[in-house]
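Novice: Be aware that the sequence shown starts at 0, since it is given in numbering that gives the first Met the number 0, and climbs by one per residue.
Every residue gets a Cβ at the ideal spot worked out from N, C-alpha and C, and that includes glycine.
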Amino acid sequence: MQRIVDFLGNKKTVTAVFIFILIFLGVIFWSLRQQVTSQTLERLSDQLALALDNQLDKEREASLRFALILGKNTALGGALENDDEDLGFKILSEVMESIKIHTNVLIRSQVITSDYIIFTRSWDRSYAGMPLEYFRPDLLYFQNHRTPRSAIEVGRKLGIKATVPIYNKGNMLGFVEVLSFFEPTKEYFDRLGIDLYILMEKRFYNTAVFMQENPTISNKYILANSKYTQNDIRMLNGIDYQALKDAHVLLHKGKYFFYQPMKNGEGEIIGAFIFSLTEKQISNYSHSEQEDISFLIPLSRDQLYDTMAKESLGNAVFQTMYDKELLYMKDVVAPEDRELYLEEAHERLNAYSKEELIGIMLNYKVSKKVEGEIQ
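As structure tokens, this is what we get:
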């Protein structure tokens, strides 16, 4: 009888030890899995941020390039100086139509007078004469600066605004602007199967009059996306945005959400970019042996390096984006504007030291060489 009791006792002990070991191994496995998941999410968050910055840079630079070319159009400047709205609309709309025909790219552009009144727009004539001072405080930047800029700004609609001041003999005539509303960036992530939501802080409700019919999200944001579903609205309204901002990534109803702040030209946070990926997408990413962004986001290594360099170096080579675009547009300036362009370029380059000019020359040659190899 005693042997049976001892046997049962030993069996219970062995079973208890076995269960303890299983629980211990389970805890270790769970802990390791959580650590891997955390590292994966952190890496993916960084790479999504790089991809977003890369796309927004492209959108800003493309808008600024078109705006700089328009700003050098002497006929358009003459129409503005002579207050000839009909001629201004004709010139602007013809240029935009030509761009659309030859590049299949729709560009929205407008000309604004020096006292912040719409002179003309390329896509309609109904808003000519409308004052913008209340809606566009960012234009006050040009009271103390002559150089163009391209940045995310809140106007009557949230978007990227590339603004170039137009001068004649030192007198400001007004501004030419090219507007973009994140379509290229949104389409880029759509093609990758990644949902991107563009949110503007609700405090701009009275300024962004063209967005007042857009959905309000959690009483904090206004959705800027042109296309969305009711499921999108319900999902976005269920997110704890303070927790998302603190952690930069959040799991909500089977999807991972990633937060990136949206900043205007003054560096002020005015909204957020929210990415949404399914658990399956995250799982596929975490099991990838590739360590760079190309598994999920097809950036070349050159593009990735360029994006990271912009993040770390800022304006280490060019003092302003205007100077960079001024160099790139040297081959597209009209012959009649060539002399004016050279004067402007000479004035800007005089502001650089010898070492900075050498750096620009080396950077430009390297860029040209890389482009040649890709082709």
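What distance in whole Å lies between the Cβ atoms of residue 256 and residue 268, which are believed to be in contact at a cut-off of 8 angstroms?
Specialist: The sequence position of residue 268 within the sequence shown is 269, counting from 1. The sequence position of residue 256 within the sequence shown is 257, counting from 1. Not really, about 18 angstroms apart at Cβ, beyond 8 angstroms.
Novice: When DSSP labels each residue in this structure, what does residue 175 get in the three-state scheme?
Specialist: Stepping through the sequence shown from its first residue, residue 175 is reached at position 176. It is a strand residue.
Novice: If we ignore side chains and look at the alpha-carbon of each, how far apart do residue 116 and residue 341 end up?
Specialist: Working through the sequence shown from its first residue, we reach residue 116 at position 117. Working through the sequence shown from its first residue, we reach residue 341 at position 342. Residue 116 and residue 341: Cα-Cα distance of roughly 30 angstroms.
Novice: What does the Cβ neighbour count give for residue 352, buried or exposed, with the cut at 16 atoms within 10 Å?
Specialist: For the purposes of this step, residue 352 is taken as residue 353 along the sequence shown, with counting starting at 1. Per the 10 Å Cβ criterion, exposed.
Novice: State yes or no: is the C-beta of residue 66 within less than 7 angstroms of the C-beta of residue 161?
Specialist: Within the sequence shown, numbered from 1, the residue matching residue 66 stands at position 67. Within the sequence shown, numbered from 1, the residue matching residue 161 stands at position 162. In this structure, residue 161 lies closer than 7 angstroms to residue 66 by Cβ.
Novice: On a CA-only basis, which of 122, 99 and 266 is nearest residue 87? Give me that one, please.
Specialist: Looking up residue 87 in the sequence shown gives position 88. Among 122, 99 and 266, the Cα nearest to that of residue 87 is on 122.
Novice: Determine the direct distance from the alpha carbon of residue 284 to that of residue 134, and round the result to whole angstroms.
Specialist: Numbered from 1 along the sequence shown, position 135 holds the residue referred to as residue 134. Numbered from 1 along the sequence shown, position 285 holds the residue referred to as residue 284. Those two C-alpha atoms are separated by around 43 angstroms.
Novice: What's the call for residue 73, buried or exposed, on a 16-neighbour Cβ count within 10 Å?
Specialist: For this step, residue 73 is matched to residue 74 along the sequence shown. Exposed is the call here.
Novice: Starting from the C-beta of residue 33, find all residues in its chain whose C-beta is less than 8 angstroms away, skip the five residues before and the five after it, and write them out in chain order.
Specialist: Taking the sequence shown and counting its residues from 1, one reaches residue 33 at position 34. Low confidence applies here, because residue 33 scores a pLDDT of 44, under 50, leaving its location unreliable; read the following figure in that light. Closer than 8 angstroms at Cβ, skipping near neighbours: no residue.
Novice: When burial is assigned at 16 or more other CB atoms within 10 Å of the CB, is residue 167 buried or exposed?
Specialist: As a first step, residue 167 is located in the sequence shown; it is residue number 168 there, counting from the start. With fewer than 16 other Cβ atoms within 10 Å, it is exposed.
Novice: What's the C-alpha gap between residue 380 and residue 71?
Specialist: The question about residue 380 has no answer, for the chain in this structure spans 0 to 374.
Novice: Which residues does DSSP list as the beta-bridge partners of residue 107?
Specialist: For this step, residue 107 is matched to residue 108 along the sequence shown. 178.
Novice: Starting from residue 167 and walking both ways along the beta strand (DSSP E), at which residues does that stretch end?
Specialist: Numbered from 1 along the sequence shown, position 168 holds the residue referred to as residue 167. Residues 157 to 167.
Novice: Suppose you measure from the CA of residue 95 to the CA of residue 107; what does that come to, to the nearest Å?
Specialist: Here residue 95 is taken as the residue at index 96 of the sequence shown, counted from 1. Here residue 107 is taken as the residue at index 108 of the sequence shown, counted from 1. Whole-angstrom Cα-Cα distance: 8 angstroms.
Novice: Could you spell out where the beta strand (DSSP E) holding residue 251 opens and where it closes?
Specialist: Your numbering for residue 251 matches position 252 in the sequence shown. 248 to 251 is the span of the beta strand (DSSP E), which, as asked, contains residue 251.
Novice: With distances taken Cα to Cα, identify the nearest neighbour of residue 253 among 278, 201, 76 and 137.
Specialist: Mapped onto the sequence shown, residue 253 falls at position 254. With distances taken between Cα atoms, residue 253 lies closest to 278.
Novice: If we ignore side chains and look at the alpha-carbon of each, how far apart do residue 82 and residue 124 end up?
Specialist: The residue labelled residue 82 in the question sits at position 83 within the sequence shown. The residue labelled residue 124 in the question sits at position 125 within the sequence shown. Rounded to whole angstroms, residue 82 to residue 124 spans 15 angstroms at the Cα level.
Novice: What are the complete alpha helix (DSSP H) segments, minimum 4 residues, inside the segment 202 to 240?
Specialist: Qualifying alpha helix (DSSP H) stretches, in chain order: 229 to 236.
Novice: Can you check which of these residues, 347, 282 and 343, is closest to residue 40 by C-alpha distance?
Specialist: For the purposes of this step, residue 40 is taken as the residue at position 41 of the sequence shown. It is 282 whose Cα lies nearest to the Cα of residue 40.
Novice: Name the two residues that bound the continuous beta strand (DSSP E) containing residue 195.
Specialist: The residue given as residue 195 occupies position 196 in the sequence shown. Where residue 195 is concerned, the enclosing beta strand (DSSP E) stretches over 194 to 200.
Novice: I think residue 164 touches residue 136, with their Cβ atoms under 8 angstroms apart; what is that distance to the nearest whole Å?
Specialist: Here residue 164 refers to the residue found at position 165 of the sequence shown. Here residue 136 refers to the residue found at position 137 of the sequence shown. The pair is not a contact, with the Cβ atoms about 16 angstroms apart (cut-off 8 angstroms).
Novice: Where does residue 110 land, buried or exposed, given buried means 16+ other C-beta within 10 angstroms?
Specialist: Numbered from its first residue, the sequence shown carries residue 110 at position 111. Classification for residue 110: buried.
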